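First comes the structure, then the notes that go with it.
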Amino acid sequence: MRILFVSHNFLPKHPAGTEIYTFQCGRALAERGHEVHVFTTEKDIGRKHLTVNVREYEGLPVHELVNNLFYKDFRSTWDNPAIARTFADFLDDLKPDVVHFMHLMYLSVGCLEEAAKRAPVFYTLHDYWLQCARFGQRVHADRSICHTIDTDRCGRCMVDFKFRQSDTQRRMAKVIAAVNGATGIDLGPAARRFEARLQPSKGALEQAPPGSLRMPDGTEQAPVAAEPLTPEEQVMADSIRERDEALRARILPAVTRFIAPSRFLRGSFVEWGIPEQQILHMRTGIDLRRFEGLERRRGEKLRVGFIGTIVPHKGLHVLLQAWQQLPADLRAKAELAVYGPTEHNPPYVRAVRELATSMGVPLRGRLKAGDVAEILRGVDLLVVPSVWYENSPLIILEALATRTPLMVSNLGGMAELVEPEVTGFRFEVGDPRDLGHRLRLILEEPGQLEALYPDHKQIRSAEDDAEALEELYGAALRGTVDQVVIGGPG
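If you're matching positions, the sequence shown starts at 1 in full-length UniProt numbering and goes up one per residue.
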C-alpha cells in the first residue's frame, strides 16, 4: 500500500511525541513492505509561503508545506482553502491508498475532506486540538485546567492569543522569500534571529513564572466565565463556537476511523460527539529495540529524574517546589537530574533555573533520542508532573519499557498508564505538597522501589501498531472495517 501520514510538524526539528510516533510507526510500516510518505508543515520565512519541498528523513520521503502563519483571521487557522487546495494537488500527484492524519494543526479541515474524496482516512487523536484551539491542551490562559469546555471562557482565553504573524513579520517574510527565489541567497537564518526579537508575548500560560502557576487538584472544576464578556471576547467566543460546530460537522463524515491512544481521551471525544463505533482504542506503540538487553544501573545515591520540555504545562516547577520542601539531609541522600530542551520559553526557564540552582540542581539540557534508554537505566524514580491532560506520554511508555519506577500526576492518560504500587505512584496534579510528601516517603524507605514491577510489563511496540494498522487499512479498502478488532498489548 502507498500510505500517507499527515502531521503538523515532523523530525528532526520537532522531536516531540506525535512527531516521534509518526516516524516510528511509518518506519515500521515501511519495513513491512509498504510505501510510506509524510506530509507536514514548517514555518520558514526564508521560503515562499505554501510551497511544498521534498526531503528525506531516515528513509521516509517527507513533503513539507511552508506555512508562515499568514492567517487573515481566526477561521483561517482551521479552515484554510488555500492550504486545502495545495494539499489536494499533492494528493492527486501522490495517489495514496490510505491517508492517516496524526494532527491537523497548521493545516485545514479541508485537507481531511480532500483526502476523503480519494482514499480511506484515519485520524489518531494525540491531544485535544479539535476541542481546544489553544494548542489542544485544555489549559486556560488563567492556568486552570478546563475539565469542561465553556465557549465563553474560551473567548476570554483566546482573545489575546497570537495565532498569526504581525504585519512587520509578514512583509519581512515576503521580501526574504523573494530574494531567495531570485538570487538563491538565503537570508532566512539571519531573519529568524531578528524575528525572535520581534516575537509577541505568547500569553499567560506560556510565559508565567512557576510561582504564579495555579493548577487545580484534578477534581476542582474550572470556573465558568462569571463577568459579562467584552465585545472582543464575545466575537472570539462566537468564533470558537463556529469552529467547534464546523469541525464536528465536517470531520466526522470524512474519517473512516478515529484512533485514541488512551481510554480517557476516547471517552472525552465520545462526549464531544464522535460515535463510539467510530473511535477505536489503541495504545501507542514505541520502538522497543533501543531497550533490548538493557540492565538497570544503581548508584550510591537514589536518583530522581525529570525528562521533558522545559515549559509550564510539563510541570517542572511542581517537582522543584516539592524538592525544595524536603529536609536538606534527606535531599543529600538523593540526586535530582533534569533533562529537556530549554529554548522554548525563556522567562519560564529563567525562573525554574533560578529555583533549581538554589538547590544545586543543574538543568542538563536536551537529550538525543538515542540517549534516553541509557539515562533511564540509571534513574531510580522518574517524575512526570505535567499539569495538563496528557494522553499517552512517550516518556512514560519508555519508562515502562525499562522498568523504571514512575511518579505521575493523577490526571488523564498519565494516571491510566501507571498502576499504583505496581509500576509506580500517583500524586495530586499541580500540588507540590502532595508530591513532596510522597517523595519523602520514598527517600525514607527506598526499598519500596525494589518491590515494583513484580511481573513482566508487556509494552506495545511500533511493530504491533504497524501490524494493527495494516489490518485496519486493508479492511477499509475491502469495505470490512467494522469487523476489525485491535489486538496486541495494551
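A virtual CB, placed ideally from N, CA and C, is assigned to each residue, including glycine. If you're wondering where the values come from, they're calculated on a predicted model, not measured in any experiment.
- Distances from the alpha-carbon of residue 111 to those of 7, 451, 405 and 42 put 7 closest.
- Counting only the Cα atoms, residue 118 lies some 38 Å from residue 160.
- Exposed is the label assigned to residue 53, since fewer than 16 other Cβ atoms lie within 10 Å of its Cβ.
- For residue 108, there is no enclosing beta strand (DSSP E), as DSSP marks it with neither H nor E.
- The alpha-carbon separation between residue 343 and residue 149 amounts to approximately 31 Å.
- With fewer than 16 other Cβ atoms from the protein chains shown falling within 10 Å of its own Cβ, residue 328 counts as exposed.
- By the Cβ test, the segment 388-399 is in contact with the segment 282-293, since at least three Cβ pairs between them sit closer than 8 Å.
- Excluding sequence positions up to five before and after residue 23, its CB lies within less than 6 Å of the CB of 11, all in the same chain and listed in chain order.
- Residue 40 holds the alpha-carbon nearest to the alpha-carbon of residue 64 among 92, 73, 258 and 40.
- Between residue 306 and residue 352, the C-beta gap is not smaller than 7 Å, which leaves the two residues out of contact.
- Our two residues, residue 438 and residue 432, have alpha carbons roughly 10 Å apart in a direct line.
- The bridge partners DSSP lists for residue 80 come to none.
- Put simply, the backbone Cα of residue 86 is about 12 Å away from that of residue 115.
- Burial is judged here by how many other beta carbons sit within 10 angstroms of a residue's own beta carbon; residue 330 has fewer than 16 and is exposed.
- With distances taken between CA atoms, residue 396 lies nearest to 457 out of 237, 457, 321 and 141.
- Annotated as proximal: residue 136 and residue 127, with beta-carbon spacing under 7 Å.
- One alpha carbon belongs to residue 356, the other to residue 96, and they sit about 50 Å apart.
- Beta-bridge pairing by DSSP links residue 441 to no other residue.
- The criterion of a C-beta distance shorter than 7 Å is not satisfied by residue 336 and residue 486.
- Using a Cβ-Cβ distance cut-off of 8 Å, the segment 247-255 and the segment 372-385 are not in contact, since fewer than three pairs of beta carbons, one from each stretch, lie closer than that value.
- According to DSSP, residue 337 shares a beta bridge with 305.
- It is roughly 52 Å from the alpha-carbon of residue 445 to the alpha-carbon of residue 475.
- Annotated three-state conformation of residue 348 is helix, per DSSP.
- The residue from 428, 407 and 430 with its alpha-carbon nearest to that of residue 421 is 407.
- Apart from the 5 residues on each side of it in sequence, residue 440 sits with its Cβ closer than 7 Å to the Cβ of 326 and 330 in its chain, given in chain order.
- For the options 34, 43 and 481, the alpha carbon positioned closest to that of residue 14 is the one of 43.
- Residue 120 and residue 71 have their C-alpha atoms spaced approximately 29 Å apart.
- With respect to the 7 Å criterion, residue 290 and residue 373 are classified as neighbours on the basis of their beta carbons.
- Look at the segment 268-316 and you find these whole runs of beta strand (DSSP E), each 3 residues long or longer: 279-281 and 302-307.
- DSSP places residue 64 inside the beta strand (DSSP E), whose first and last residues are 60-66.
- Of the other Cβ atoms in all chains shown, fewer than 16 fall within 10 Å of the Cβ of residue 332; this residue is therefore exposed.
- In chain order, 125, 266, 279 and 281 place their CB closer than 6 Å to the CB of residue 260, counting only its own chain and leaving out the 5 sequence neighbours on each side.
- Of the candidates 67, 61 and 483, the residue whose Cα lies closest to the Cα of residue 48 is 67.
- 376 is the residue among 368, 362 and 376 whose C-alpha sits nearest the C-alpha of residue 295.
- Per DSSP, residue 239 is one residue of the alpha helix (DSSP H) stretching across 231-254.
- Residue 350 and residue 311 have their C-alpha atoms roughly 11 Å apart.
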